[in-house]
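In our numbering, the protein residues as written are 14 to 187.
Okay, so here's the structure we're looking at.
Structure (structure tokens):
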């Protein structure tokens, strides 16, 4: 995204902040859908959601790059040091209504980003619980199944010879 579409840094920054809020809102919806798919153990839906998420993440990265370019460019025009570049610092150089609009857009973005983070943390906890349950099931299964090292034997003609060794889950080569 070209950071100076309108030539007015405030207008451009507002547009980028609103676009970011929209993308993160869509990511929040996906996080809620992912939670439902995790609860339902719906692997197909999880794969589908991952496909929807990638383009949004790419767009979010591009918008963040555009936002940083806008802020740095605006700071350079104002003579503000790059290490002091914050939206709070920059809006001190514009009229109150426009400053209020930028700060409101920033706050709305921060709110939705924090909600996405919280949803992702909930999903990570749920997924960790699912993985722990699967691991416990595998460990229980391994305790009840004989694990043997297989020495493959072949019968005449190249067919595998029968090996009567009882139930096996795996061999040491796997």
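Even for Gly, the Cβ is constructed at its ideal location relative to N, Cα and C.
By how many angstroms is the C-alpha of residue j removed from the C-alpha of residue i?
i: residue 106; j: residue 44; result: 38 angstroms
i: residue 133; j: residue 51; result: 12 angstroms
i: residue 87; j: residue 49; result: 43 angstroms
i: residue 119; j: residue 32; result: 11 angstroms
i: residue 150; j: residue 83; result: 52 angstroms
i: residue 142; j: residue 64; result: 24 angstroms
i: residue 104; j: residue 113; result: 8 angstroms
i: residue 153; j: residue 129; result: 36 angstroms
Is residue i helix, strand or coil when you go by DSSP?
i: residue 141; result: helix
i: residue 99; result: coil
i: residue 153; result: helix
i: residue 84; result: helix
i: residue 32; result: helix
i: residue 127; result: helix
i: residue 93; result: coil
i: residue 19; result: coil
Candidates the options: which alpha carbon is nearest residue i's?
i: residue 137; options: 103, 28, 47; result: 47
i: residue 54; options: 125, 108, 22, 144; result: 144
i: residue 77; options: 58, 111, 126; result: 126
i: residue 40; options: 22, 66, 59, 85; result: 66
Assign residue i to one of two classes, buried (16 or more other C-beta atoms within 10 Å of its C-beta) or exposed (fewer than that).
i: residue 68; result: exposed
i: residue 123; result: exposed
Practice task
Decide yes or no for the touch test of the segment 61-81 against the segment 24-37: beta carbon pairs closer than 8 angstroms, at least 3 of them.
Solution key: yes
Handout entry: Three CB pairs or more closer than 8 angstroms across the segment 96-115 and the segment 18-29
Key = yes
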